[in-house]
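My numbering puts the first residue of the sequence shown at 44, with every later residue one more than the last.
We put the beta carbon where it would ideally sit given N, CA and C, even for glycine.
Here's the structure we're looking at; comments come further down.
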Amino acid sequence: MSLSISLHNLSKIFHRGKEAFKAVDNVNLHVKSGELVTLLGPSGCGKTTILRMIAGFERPTEGRVLIDGEDITEMAVNKRKIGFVFQNYALFPHMNIFDNVAYGLKIRGVSQEERKKLVAQVLHMVGLEEVENRFPNQLSGGEQQRVALARVFVTNPNVLLMDEPLSNLDAKLRIYMRAEIRQLQKKLGITCIYVTHDQKEALSIADRIVVLNKGKVEQVATPFELYANPATLFVADFIGQANIFKGQVKAFRDKEMDVFIYGHVMAIRNNEKKRFKEGEEVALVVRPESVRLGPPEGSILKGRVLSRVFVGDKMEYAIEIEPGNLIHAFEPYSRDIPIFSEGDSVGLRINPLDVMTLPV
Numbered sequence: 044m045s046l047s048i049s050l051h052n053l054s055k056i057f058h059r060g061k062e063a064f065k066a067v068d069n070v071n072l073h074v075k076s077g078e079l080v081t082l083l084g085p086s087g088c089g090k091t092t093i094l095r096m097i098a099g100f101e102r103p104t105e106g107r108v109l110i111d112g113e114d115i116t117e118m119a120v121n122k123r124k125i126g127f128v129f130q131n132y133a134l135f136p137h138m139n140i141f142d143n144v145a146y147g148l149k150i151r152g153v154s155q156e157e158r159k160k161l162v163a164q165v166l167h168m169v170g171l172e173e174v175e176n177r178f179p180n181q182l183s184g185g186e187q188q189r190v191a192l193a194r195v196f197v198t199n200p201n202v203l204l205m206d207e208p209l210s211n212l213d214a215k216l217r218i219y220m221r222a223e224i225r226q227l228q229k230k231l232g233i234t235c236i237y238v239t240h241d242q243k244e245a246l247s248i249a250d251r252i253v254v255l256n257k258g259k260v261e262q263v264a265t266p267f268e269l270y271a272n273p274a275t276l277f278v279a280d281f282i283g284q285a286n287i288f289k290g291q292v293k294a295f296r297d298k299e300m301d302v303f304i305y306g307h308v309m310a311i312r313n314n315e316k317k318r319f320k321e322g323e324e325v326a327l328v329v330r331p332e333s334v335r336l337g338p339p340e341g342s343i344l345k346g347r348v349l350s351r352v353f354v355g356d357k358m359e360y361a362i363e364i365e366p367g368n369l370i371h372a373f374e375p376y377s378r379d380i381p382i383f384s385e386g387d388s389v390g391l392r393i394n395p396l397d398v399m400t401l402p403v
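In structure tokens form, the structure reads like this:
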């Protein structure tokens, strides 16, 4: 049975000598039953502290934690029925895999016969049927990660918390394991909060993403909504890559507005969620994959190729518009695309529908 998680005005202040540091600042969040939500943000933004307060390892300075409507803020850790997967797996090196997975059941007084049955079931579920007599140091990083998951799943928790569980794995194995985790989470229907600083990991695994900055929630949305319609400049810059320019609103026409930028007026779509005024300074956000390169003739924006990098599926260009101002452009690679060299003069074409406008 999976349960919802609600955080109400959650804050945490740490004291370092005479100084006070607010690691989590008035966070409100509701995670639906069976949903996988990732907490995403740079180091020190409060992700892990939020997770530890839900688990009971840290006590909130202010606010409440509710599981399916029940206030568990003051409840002991072992009473919460929450599974926690740590960054370093926290396997017991002196115990074989069976004993590692069965440890939580043994503590709860489950009979040996029942433990054998439950451990066999969960090891089968994570694809490790043949390793119960091995020790952690005899397994690969990916296998150790699966053991850590099995140890949590065997206790049948209502909620699963995961703190950067894939950070110790190599890039290829991380991609494989995040798909495995997502598949298991969906199969079990368990409510999960997943902490990561890896935006690609968050985008690929989550139903919704909570973007945190300096302890505060910047935006909560689906991966697509975050990427396509960031609410703030921080989100726009943190999720994916973005070209961000400052311009000045000149005029409005229907659903478009004219913005003065780099000595030219560009017609772009008006942000219906933000109301701007004529003369107001705005930020224009353009994803690198929305910038198309061609000959400079006839282009409003022109520049010089400062660098070109081939990364397999695309060419990544850095274009200098004027001294100190760069635009990044990603061109999907195919045999028939024009390839520009460093020093070439190029024109930049940007579809007005691909430009996002945000307050400065």
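- A straight line joining the alpha-carbon of residue 282 with that of residue 239 spans about 13 Å.
- In the DSSP assignment, residue 69 falls within the unbroken beta strand (DSSP E) covering 62 to 74.
- Distance from the CA atom of residue 343 to the CA atom of residue 255, rounded to whole angstroms, is 37 Å.
- According to the DSSP assignment, residue 344 belongs to the beta strand (DSSP E) that extends over 344 to 353.
- Inside the segment 193 to 245, DSSP marks whole beta strand (DSSP E) runs of 3 or more residues at positions 202 to 206, 234 to 239, from first to last along the chain.
- When beta bridges are read from the DSSP output, residue 294 appears opposite 301.
- When rounded, the separation of the alpha-carbon atoms in residue 124 and residue 279 is 37 Å.
- For the options 77, 57, 211, 69, the alpha carbon positioned closest to that of residue 250 is the one of 77.
- Scanning the segment 251 to 282 from its first residue to its last, the whole alpha helix (DSSP H) runs of 4-plus residues come out as 266 to 271, 276 to 281.
- For residue 148, the enclosing alpha helix (DSSP H) covers residues 140 to 150.
- Burial state of residue 265 is exposed, judged by a 10 Å Cβ sphere holding fewer than 16 other Cβ atoms.
- Of the candidates 260, 271, 367, 67, 67 places its Cα closest to the Cα of residue 101.
- If you check the CB distance, residue 111 and residue 53 do not come in under 8 Å.
- Beta-carbon to beta-carbon, residue 262 and residue 274 are separated by about 4 Å, close enough to satisfy the 8 Å threshold.
- Judged by DSSP in its simplified three-state form, residue 186 adopts helix.
- Counting of Cβ neighbours within 10 angstroms places residue 127 among the buried residues, the total reaching 16 or more.
- As the crow flies, the alpha-carbon of residue 216 is around 7 Å from that of residue 185.
- One thing to note: residue 400 has its Cβ no nearer than 8 Å to the Cβ of residue 287.
- Leaving aside the five residues that flank residue 225 on each side, the residues in its chain whose CB is nearer than 6 Å to its CB run, in chain order, 248.
- Residue 80 has 236, 251 as its beta-bridge partners, per DSSP.
- When only Cα atoms are considered, residue 391 and residue 297 end up about 25 Å apart.
- Look at the beta carbons and you see the segment 362 to 375 touching the segment 383 to 397: at least three pairs across the two are nearer than 8 Å.
- As computed with DSSP, residue 383 is found in no beta bridge at all.
- Looking at 75, 130, 59, the one whose alpha-carbon comes closest to that of residue 109 is 75.
- The beta carbon of residue 208 lies closer than 6 Å to those of 128 in the same chain, with the five residues before and after it left out.
- In the three-state scheme derived from DSSP, where H, G and I count as helix and E and B as strand, residue 85 is classed as coil.
- Three or more Cβ pairs drawn from the segment 186 to 193 and the segment 136 to 144 lie within less than 8 Å of each other, which places the two stretches in contact.
- Residue state for residue 400 is assigned as strand, using DSSP reduced to three classes.
- According to the DSSP secondary-structure assignment, residue 106 is paired through a beta bridge with no residue.
- As a beta-bridge residue in DSSP terms, residue 375 pairs with 357.
- Relative to residue 218, the option among 79, 157, 241 whose CA is nearest is 241.
- Taking the Cα of residue 333 as reference, the smallest distance to any Cα among 393, 359, 362 is reached at 393.
- For residue 286, the secondary structure class from DSSP, reduced to helix, strand or coil, is strand.
- Counting C-beta atoms within 10 angstroms of its own C-beta, residue 117 has fewer than 16 neighbours from the protein chains shown and is therefore classed as exposed.
- C-alpha of residue 114 to C-alpha of residue 252: approximately 24 Å in a straight line.
- Per DSSP, the unbroken alpha helix (DSSP H) holding residue 90 starts and ends at 90 to 98.
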